Amino acid sequence: MFQKRKAGERILPEHIAIIMDGNGRWAKKRHLPRSAGHAAGSKNFKEIARYCNKIGLHYLTVYAFSTENWKRPKEEVDSIMDILRDYLKDAKNFKDENIQVKFIGKIEVLPEDIVYLIHDAEENSRDATGLKLNIALNYGGRDEIVTAVRRIVAEGLRPDEIDEAAISARLYTAGQPDPDFIIRPSGEFRLSNFLIWQSAYAEFWYSDVLWPDFKPKHLEQAIDDYCHRNRRFGGV
Ligand code: FPP
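Going left to right, the sequence shown walks through residues 428 to 663 as my numbering numbers them.
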């Protein structure tokens, strides 16, 4: 599993996951409402996703809204949902950009129009051969594991049929490689219930830069660091 680098060669992680944190502080610094921070964060998300596609990354997962984010004031939640609506209405762009988009999380309980737009966006980009982009929405890692266990019980698996592969196959990310590299900007050092099963062997990278200011040059710095890490997966 350990990727040996040839001299001068850069081996990209297969799957990068990003916690898009710091939108609120970005807005506060500018005396703007938090919704303006999320709008700037969304704009930046599009730039970073395009960049990842351009450099040939295979998988990108971004944390857009957690199962815990409903605790925020209604006005802020509504503003994030509106930003999502705009993004999804623009879904034809996924096709032009050759990005395949997939939403992971408890999607079915979201407002009906958003659920409809999500299915449309996934369907429209199904044949794209570029970056595979997962957008985690109403997502919680523990909730994802509980859902997988419920499926296992409903399918009547015997105890000896339950192994790591059986659980992985019932997560939202079934069939995808686990993230190799998790990036959290904005100076926080938490996983916040993001991809908790899948990140067992992921490398982490933190930065003080707030998400709306996190540009391709920062991503390049992160990837460069990743390329110099020695991943042992429990070996020596
Ligand atoms: C965390 O920053 C950010 C969020 C909870 C929302 C992230 C949402 C977006 C970037 C928009 C997503 C849009 C699309 C199209 C995927 P925070 O609000 O916790 O920031 P703070 O810690 O500085 O308060």
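Just so it is clear, CB atoms sit at the ideal spot from N, CA and C, and this is done for glycine as well. Only a predicted model underlies this, so the values are computations on that prediction, with no experimental measurement involved.
Given a threshold of 16 other Cβ atoms within 10 Å of its Cβ, counted over all protein chains shown, does R432 qualify as buried or as exposed?
-> In the sequence shown, residue 432 corresponds to position 5, counting from 1. The predicted position of R432 is uncertain, since its pLDDT is 48 and thus under 50; no value can be drawn from it.
M447 beta carbon near the ligand FPP (any heavy atom closer than 7 Å) | Taking the sequence shown and counting its residues from 1, the one referred to as residue 447 is at position 20. Yes, the Cβ of M447 comes within 7 Å of a heavy atom of the ligand FPP.
Identified DSSP bridge partners for K444 = Locating residue 444 in the sequence shown gives position 17, where the first residue counts as 1. In the sequence as displayed, the identity of residue 444 is Ala instead of Lys. In DSSP, A444 forms a bridge with T488, I609.
Nearest-angstrom beta carbon gap, L560 and A476 [assumed within contact, 8 Å] = Here residue 476 refers to the residue found at position 49 of the sequence shown. Here residue 560 refers to the residue found at position 133 of the sequence shown. Going by Cβ atoms, the distance from A476 to L560 rounds to 6 Å, so yes, they are a contact pair.
Nearest to S634 (by Cα), restricted to the options L622, I650, R597 | Translated into the one-based positions of the sequence shown, residue 634 becomes position 207. Answer by Cα proximity: I650.
Among A467, Y490, P606, nearest to I446 - alpha-carbon criterion = Within the sequence shown, numbered from 1, the residue matching residue 446 stands at position 19. Ranking A467, Y490, P606 by Cα distance to I446 puts Y490 first.
Grab me the residues of H546's own chain with a C-beta within less than 7 Å of its C-beta, minus the 5 sequence neighbours each way, in chain order.
-> The residue given as residue 546 occupies position 119 in the sequence shown. Within the same chain, no Cβ atom closer than 7 Å to the Cβ of H546 is found once the five residues on either side in sequence are excluded.
Same chain only: Cβ atoms within 7 Å of G568, ignoring 5 sequence neighbours per side | By one-based count along the sequence shown, residue 568 stands at place 141. Taken in chain order, the residues that qualify are N620, F621, L622, I623, W624.
Look at E503 and S462 and say whether their C-beta atoms are less than 8 Å apart.
-> Numbered from its first residue, the sequence shown carries residue 503 at position 76. Numbered from its first residue, the sequence shown carries residue 462 at position 35. The Cβ atoms of E503 and S462 sit closer than 8 Å to each other.
Taking buried to mean at least 16 other C-beta atoms within 10 Å of its own C-beta, is Y543 buried or exposed?
-> Mapped onto the sequence shown, residue 543 falls at position 116. Burial state of Y543 is exposed, judged by a 10 Å Cβ sphere holding fewer than 16 other Cβ atoms.
What are the partner residues of Y566, as DSSP defines its beta bridges?
-> Translated into positions along the sequence shown, residue 566 becomes position 139. Paired residue(s): S493.
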